[in-house]
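What follows is a single structure, written as structure tokens, with notes after it.
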Amino acid sequence: MHILAVLLFGVVFPACARSENRFRRPPGPGPAGDFRDNPVYTLGDNIDLQWEMDLKNIDLILWQQQPTGNVKGPYAKLASNSTVKSLVWTVGYAGFPSTMNPDLSQVYFLQLFKTGQSGSSATSHYFNITEPDSTSTSTSSATATTTALALASATPTSTPDSSPAQTPTTTPTDEDQLSSTAVAGIAVGATLGALMLLVLLAGLVRRYVKRRRDMAVHTEGDILVYAERQLRAKDEAAAWKLELPAHSRERFEVEACEPRHEMPAEPVGVGMERG
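If you count by mature numbering (1 follows the signal peptide of the UniProt record, and there is no 0), then the sequence shown holds residues -19 to -1, 1 to 256, one letter each, in order.
So, in structure tokens, the structure goes:
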């Protein structure tokens, strides 16, 4: 019994899995009204739409999402009574009614219907359709071309004249004179500025050399004066040392005379010698 149930489940489950109807590109649906993850397709691009189904025949419908929630918008039928599971779609508004306004909403979505039935079998995620970036460039180019053609057609054509042809002479315009004057003024200003800069540099160099020279002379003069003072001090010290001993010696010889003393004598008696 259990083996029979397992076998039955193994047969039914793959069949159910294969019978799922869903979109692969664009992906399956998200929350209703949530446009945050919308893919963006540009007008003129070729998109390979892909889906899975277990239906024999399907109709592929492209809807324009309306700003107001429950209002049913215009649609275009991209495939009818089709048995394939993919379609290369050139992004555009082909198949929509003439009353459809692309500027009303840029949000769209796809649905699969079993052919002959009104109930939807699968719905895709929202996606946006935008204008290509080169549209503004091509528009401006076309405008410029149209303007150029209009100016060319408005230019009067020359008519033949019986008078002899005159050689046109070109005269300098005010802009040319202004440009040449400006160039001459710039050249003169640059020359004067360079001369002033050279004069300033020469003055600075001369002042620096003079200062160095004055410092050198002052230093040499100080050295000579100092040397002269040292020599003079040495001479005075030597003279003082030589004169001081001579004076003292003279003074000592004058004062050092030996004093003379009388020798003590005994009294001599005359009468005694005679006796």
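No residue lacks a Cβ here, since even glycine has one placed at the ideal position from N, Cα and C.
Could you tell me the distance, in whole angstroms, from the CA atom of residue i to the CA atom of residue j?
i           : j           : result
residue 101 : residue 8   : 16 angstroms
residue 23  : residue 56  : 18 angstroms
residue 91  : residue 114 : 25 angstroms
residue 96  : residue 108 : 24 angstroms
residue 37  : residue 104 : 17 angstroms
residue 54  : residue 26  : 23 angstroms
residue 39  : residue 1   : 14 angstroms
residue 19  : residue 83  : 17 angstroms
residue 182 : residue 211 : 44 angstroms
residue 64  : residue 42  : 14 angstroms
residue 259 : residue 58  : No answer is possible for residue 259: it lies beyond the span of the chain, which begins at -19 and ends at 256.
residue 68  : residue 6   : 10 angstroms
residue 180 : residue 187 : 11 angstroms
residue 10  : residue 45  : 15 angstroms
residue 167 : residue 173 : 10 angstroms
residue 72  : residue 163 : 58 angstroms
residue 80  : residue 12  : 29 angstroms
residue 165 : residue 185 : 30 angstroms
residue 194 : residue 178 : 24 angstroms
residue 74  : residue 161 : 60 angstroms
residue 60  : residue 21  : 21 angstroms
Any idea what DSSP makes of residue i, helix, strand or coil?
i           : result
residue 58  : strand
residue 211 : helix
residue 112 : coil
residue 107 : coil
residue 144 : Residue confidence is low: residue 144 scores 45 on pLDDT, short of 50, so the model does not pin down where it sits. Its coordinate-derived value is still stated next. Looking at residue 144 - three-state DSSP - the assignment turns out to be coil, as it is neither helix nor strand.
residue 64  : coil
residue 29  : strand
residue 6   : strand
residue 181 : helix
residue 72  : coil
residue 52  : coil
residue 217 : helix
residue 261 : The question about residue 261 has no answer, for the chain in this structure spans -19 to 256.
residue 35  : coil
residue 203 : helix
residue 196 : helix
residue 79  : coil
residue 1   : coil
Count the other CB atoms, across all protein chains shown, that sit within 10 Å of the CB of residue i; report buried if there are 16 or more and exposed otherwise.
i           : result
residue 207 : exposed
residue 34  : buried
residue 110 : buried
residue 204 : exposed
residue 176 : exposed
residue 31  : exposed
residue 189 : exposed
residue 93  : buried
Identify every residue that forms a DSSP beta bridge with residue i.
i          : result
residue 94 : 40 and 101
residue 22 : 110
residue 45 : 89
Could you tell me whether the Cβ of residue i comes closer than 8 angstroms to any Cβ of chain D?
i          : result
residue 56 : In the structure shown, chain D cannot be found, because there is only a single protein chain.
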